[in-house]
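Chemist:
Number of protein chains: 2
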Amino acid sequence: MRALAAVLFFLVSTLAAAQVLPSWNDGEAKTRVVHFVQAVSFKNSKDYVPSADRIAVFDNDGTLWAEQPMYFQFIFMLDQVKAAAPKHPEWKDNAVFQALASHDREGLAKLGQKPVLELMGQANSGMTVGEYDKTIHDWLAKARHPKFKRPYTDLTYQPMKELLAYLRANGFKTYIVSGGSVEFMRPWAEKAYGIPPEQVIGSQQEVKFEMKDGKPVLTREPKFAFIDDGPGKPVGIYRSIGRRPIAAFGNSDGDLQMLQVTAAGPGRSLVLIVHHDDAEREFAYDRESHIGKLDKAWDEAKSKGWIVVSMKSDWKKIFSFEK
Amino acid sequence: MRALAAVLFFLVSTLAAAQVLPSWNDGEAKTRVVHFVQAVSFKNSKDYVPSADRIAVFDNDGTLWAEQPMYFQFIFMLDQVKAAAPKHPEWKDNAVFQALASHDREGLAKLGQKPVLELMGQANSGMTVGEYDKTIHDWLAKARHPKFKRPYTDLTYQPMKELLAYLRANGFKTYIVSGGSVEFMRPWAEKAYGIPPEQVIGSQQEVKFEMKDGKPVLTREPKFAFIDDGPGKPVGIYRSIGRRPIAAFGNSDGDLQMLQVTAAGPGRSLVLIVHHDDAEREFAYDRESHIGKLDKAWDEAKSKGWIVVSMKSDWKKIFSFEK
């Protein structure tokens, strides 16, 4: 019976493999992904992992959706700062505000990340989390990407969405683990990726409980509580999941520690990096980029045999709107 | 067809209600719980809630297991401080350590919570999270409760474990939301309550990513990152779940804000407080207690019609080891 089941499973999984991940070209990357999934989910496999431990973590910016010419959340926050400016006449003399308003990238780089985040934090502090949620929905409905002239949520990667669905169909629990803030991703992550709010891990602004007009609300404070980037990613995973992932997906050095922790697990693991090498269909950047720099993690991927996906040659399609 | 389905459902659910929650006496508390669960989970009900939004949150200390004569985690941390003392000769002159070592409760109360937590934080800082996990397992295996002379994990409440299972059987997702630390609960919560690590929300000590002997690890820092108590509980829920619970269970004023947020939802909600009024089988305490004080939340329960469970008269059994 067991042998028969194994043969049947093999036949079914081979047939299934030919049909899964339709936007992926047949090749090493796809084959290794499919083999890994079969190895950990087939009950009689030596690498079998119970479903509860099949945890897969995905970076968001540059891994599940585009991140050029600037993180989309950064563009949203910029728009928020502009919208809030009339209420903050004191910003007129603020060097960060001046640099933001005049799109002075060099000036911003000189000022550093901290004062920029602080000003952005001020722009939406005092809002309840419900009001902030609505702000994001409203912005996503009208904002358009400068290159593609489409809503930002159209710029999610079709092959990665197929991968998410494929993993879930095989008993995996899929999480986002992003440097972007959890509040910014939750309003649209379920529709875009099938990932519910409780499986979105990210940076977090401080929020405070208070009674407002007799109702309990959470309001936003002008301060970050947690930065889920680089060495912060394994910390965010530990805090929110408390299990080591067996599969991790990223595209930049900000994902390195998350990939390392996943690769260091006791059993078989899958570590994959998306390489942006398609200037025509998307963007091409890696070692020299300010946004989504891929340098150390690339070297480590090569030395450790992690999968590096070429968007240009491994993916038939990048966005679902492509012909 | 719809009418037939409704009749069938009613029959089945009435039969089922007679069998669920066997350690609960038939009475108002049990009836209200069962009616709520049926109202939100029956597809044709006007109060129907999709399964993904059936979020139930449970305080731990005093709600799912006992908390007297002292929070069990506090006893664990005391034992840890004692064990670490030989490595910290400088503690000899530390007022907090002296008060802890001599069980000087009055002295400790005068010193306040902060220096006590700081000393406790020092006792296990530098450990990796894996080492800390093992410390908890080892302690739980040998520590015994002063009154019951049993392992602390025997002091979980049988009626609440039945309630957890009943909710899950009806499509609820059950979470712990505790002032205790997440690291202390995760190692045993799945076995005791059927709640997996990713559904345990609690206070959190700071942890840091580092490479140790070429392996990526997380080590504990002598500092709290988040206190999940009182107004912190709705913050913890927002950070980790991102949905409003429709059912909340607590026993003390430290749960008040979590209960308020749950009760303030747009649809039907269930809010329940466990009242410790059984000195014989467990402990009796409420408004005047230092641990698990129930005062403001009790008044609010009365004025808002929340369920208050009498452990003495609503529960046939408190612990599974009772005859």
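Line order of the protein sequences matches chains A and B.
Under numbering that gives the first Met the number 0, the first residue of the first sequence is numbered 0, with each subsequent residue one higher.
Under numbering that gives the first Met the number 0, the first residue of the second sequence is numbered 0, with each subsequent residue one higher.
From the three backbone atoms N, C-alpha and C, an ideal C-beta is built for every residue, glycine too.
#1: Return the bridge partner residues of GLU209/B from the DSSP annotation.
#2: Give a yes or no on whether the minimum CB-CB distance between GLY241/A and chain C is below 9 Å.
#3: How is VAL48/A classed by DSSP in three states: helix, strand or coil?
#4: Are the CB atoms of VAL206/B and VAL234/A nearer to each other than 9 Å?
#5: Identify whether TYR174/A lies in helix, strand or coil by the three-state DSSP scheme.
#6: In this structure, how does DSSP classify VAL19/A when only helix, strand and coil are distinguished?
#7: Report the three-state DSSP secondary structure of THR62/B (helix, strand or coil).
#8: Keeping to the same chain, check which residues put their C-beta closer than 7 Å to that of LEU77/B; ignore five residues upstream and five downstream.
#9: Using a beta-carbon distance cut-off of less than 8 Å, what residues from the stretch 256-269 of chain A approach chain B?
#10: Suppose only complete runs of 4+ residues qualify. What are the alpha helix (DSSP H) ranges in the stretch 128-155 of chain A, listed by chain order?
#11: Can you find the residues in the same chain that come closer than 6 Å, C-beta to C-beta, to GLY243/B, ignoring five residues on each side of it along the sequence?
#12: Between the alpha carbons of SER309/A and ARG149/A, how many angstroms are there, rounded?
#13: Answer with yes or no whether the minimum CB distance from ARG238/B to chain A is below 9 Å.
#14: By the three-class DSSP mapping on this structure, what secondary structure does THR274/B have?
#15: Select from LYS91/B, ASP294/B, PHE223/B and ALA188/B the residue whose C-alpha is nearest the C-alpha of ILE135/B.
#16: Counting only beta-carbon atoms, is GLU209/B nearer than 9 Å to chain A?
#17: Measure the beta-carbon distance from ASP327/A to ILE200/A and round it to whole angstroms, keeping in mind my assumption that it falls under 8 Å.
#18: Taking contact to mean at least 3 C-beta pairs separated by less than 8 Å, is the stretch 25-32 of chain B in contact with the stretch 42-62 of chain A?
#19: Just the chain A side, please: which residues come within less than 8 Å of GLN37/B by C-beta, in chain order?
#20: Counting only beta-carbon atoms, is PRO230/A nearer than 9 Å to chain B?
#21: Return the bridge partner residues of ILE240/B from the DSSP annotation.
#22: Given a threshold of 16 other Cβ atoms within 10 Å of its Cβ, counted over all protein chains shown, does PHE282/A qualify as buried or as exposed?
#23: Using the Cα positions of GLN203/A and ALA65/B, report the straight-line distance between them to the nearest angstrom.
#24: Which class does ALA296/A belong to by DSSP, given the choice of helix, strand or coil?
#25: Could you tell me whether the Cβ of GLN203/B comes closer than 9 Å to any Cβ of chain A?
#26: Any C-beta of chain A sitting closer than 9 Å to the C-beta of PHE225/B?
#27: How would you label HIS289/B, buried or exposed, when you count the other beta carbons within 10 angstroms and need 16 or more for buried?
#28: Counting only beta-carbon separations shorter than 9 Å, does LYS303/A have a partner in chain B?
#29: Return the residues of the stretch 61-89 of chain A that lie within a Cβ-Cβ distance of less than 7 Å from chain B, sorted by chain order.
#30: Assign PRO85/B to one of two classes, buried (16 or more other C-beta atoms within 10 Å of its C-beta) or exposed (fewer than that).
#31: Whose C-alpha, out of ILE306/A, GLU321/A, SER319/A and LYS315/A, is nearest the C-alpha of TRP23/A?
#32: Determine, using beta-carbon pairs with one atom in the stretch 244-261 of chain A and one in the stretch 136-155 of chain B, whether at least three such pairs fall under 8 Å.
#33: Is it the case that the Cβ atoms of PRO114/B and ALA94/B are separated by a distance below 9 Å?
#34: Just how far apart, CA to CA, sit ALA122/B and GLU220/B?
#35: For ALA55/B, report the span of its beta strand (DSSP E) as first-last.
#36: What does PRO233/A reach in chain B if we use C-beta pairs closer than 8 Å?
Modeler: Taking the definition as stated:
#1: Taking the first residue of the second sequence as position 1, residue 209/B is located at position 210. VAL216/B, per the DSSP bridge assignment.
#2: Judged by its chain identifiers, the structure shown contains no chain C, and its protein chains are A and B.
#3: As a position in the first sequence, residue 48/A is number 49, starting the count at 1. Here VAL48/A sits in coil by DSSP.
#4: Locating residue 206/B in the second sequence gives position 207, counting from the first residue. Locating residue 234/A in the first sequence gives position 235, counting from the first residue. Contact: yes.
#5: Here residue 174/A refers to the residue found at position 175 of the first sequence. If DSSP states are grouped into helix, strand and coil, TYR174/A belongs with the strands.
#6: Translated into the one-based positions of the first sequence, residue 19/A becomes position 20. DSSP places VAL19/A in coil when its eight states are reduced to three.
#7: Translated into the one-based positions of the second sequence, residue 62/B becomes position 63. In this structure, THR62/B counts as coil in the three-state DSSP scheme.
#8: Here residue 77/B is taken as the residue at index 78 of the second sequence, counted from 1. Excluding sequence neighbours, LEU77/B sits near LEU99.
#9: Within the stretch 256-269 of chain A, the qualifying residues are GLN256, GLN259, VAL260 and ALA263.
#10: Segments of the alpha helix (DSSP H) lying fully in the stretch 128-155 of chain A: 128-141.
#11: Counting from 1 along the second sequence, the entry for residue 243/B is found at position 244. Reading the sequence as shown, one finds Arg at residue 243/B and not Gly. Residues of the same chain with a CB within less than 6 Å of the CB of ARG243/B, apart from the 5 flanking positions on each side, are GLY264 in chain order.
#12: The residue given as residue 309/A occupies position 310 in the first sequence. The residue given as residue 149/A occupies position 150 in the first sequence. One C-alpha to the other measures close to 24 Å.
#13: Here residue 238/B corresponds to residue number 239 of the second sequence, with the count starting at 1. Closer than 9 Å to some Cβ of chain A, the Cβ of ARG238/B qualifies, so yes.
#14: The sequence position of residue 274/B within the second sequence is 275, counting from 1. For the record, residue 274/B in the displayed sequence is His; it is not Thr. Here HIS274/B sits in strand by DSSP.
#15: Within the second sequence, the letter at position 136 stands for residue 135/B. Ranked by Cα distance from ILE135/B, the first of LYS91/B, ASP294/B, PHE223/B and ALA188/B is ALA188/B.
#16: The residue you call residue 209/B lines up with position 210 of the second sequence. With 9 Å as the cut-off, GLU209/B counts as an interface residue toward chain A.
#17: This structure leaves residue 327/A out entirely; chain A is present only between 0 and 322.
#18: Two segments are said to touch when three or more pairs of C-beta atoms, one from each, lie closer than 8 Å; by this definition the stretch 25-32 of chain B does not touch the stretch 42-62 of chain A.
#19: Here residue 37/B is taken as the residue at index 38 of the second sequence, counted from 1. Going along chain A, no residue has its Cβ under 8 Å from GLN37/B, so there is no contact; the nearest lies around 24 Å.
#20: Along the first sequence, read from residue 1 onward, the residue named residue 230/A stands at position 231. Yes, PRO230/A lies at the interface with chain B (some Cβ there is under 9 Å from its Cβ).
#21: Taking the first residue of the second sequence as 1, we reach residue 240/B at position 241. Among the bridge pairs identified by DSSP, ILE240/B is matched with none.
#22: For the purposes of this step, residue 282/A is taken as residue 283 along the first sequence, with counting starting at 1. Buried is the call here.
#23: Position 204 of the first sequence holds residue 203/A. Position 66 of the second sequence holds residue 65/B. ALA65/B has its alpha-carbon roughly 33 Å from the corresponding atom of GLN203/A.
#24: Start at 1 with the first residue of the first sequence, and residue 296/A comes out as number 297. Three-state DSSP puts ALA296/A in a helix.
#25: Working through the second sequence from its first residue, we reach residue 203/B at position 204. Yes, contact with chain A.
#26: As a working note, residue 225/B is residue 226 in the second sequence. Put simply, the CB of PHE225/B is near chain A, with a gap under 9 Å to one of its CB atoms.
#27: For the purposes of this step, residue 289/B is taken as residue 290 along the second sequence, with counting starting at 1. Under this definition HIS289/B is an exposed residue.
#28: Your numbering for residue 303/A matches position 304 in the first sequence. No, LYS303/A lies away from the interface with chain B (no Cβ there is under 9 Å from its Cβ).
#29: So nothing in the stretch comes that close.
#30: Translated into the one-based positions of the second sequence, residue 85/B becomes position 86. PRO85/B is exposed by the Cβ-count criterion.
#31: Taking the first residue of the first sequence as 1, we reach residue 23/A at position 24. TRP23/A has its Cα closest to that of LYS315/A, out of ILE306/A, GLU321/A, SER319/A and LYS315/A.
#32: Judged by Cβ distances under 8 Å, the stretch 244-261 of chain A makes no contact with the stretch 136-155 of chain B, as fewer than three pairs qualify.
#33: Working through the second sequence from its first residue, we reach residue 114/B at position 115. Working through the second sequence from its first residue, we reach residue 94/B at position 95. Using a Cβ distance threshold of 9 Å, PRO114/B and ALA94/B count as a contacting pair.
#34: Here residue 122/B is taken as the residue at index 123 of the second sequence, counted from 1. Here residue 220/B is taken as the residue at index 221 of the second sequence, counted from 1. C-alpha separation (whole angstroms): 10 Å.
#35: Mapped onto the second sequence, residue 55/B falls at position 56. 54-57 is the span of the beta strand (DSSP E), which, as asked, contains ALA55/B.
#36: Along the first sequence, read from residue 1 onward, the residue named residue 233/A stands at position 234. Correct list: PHE208, PRO215 and LEU217.
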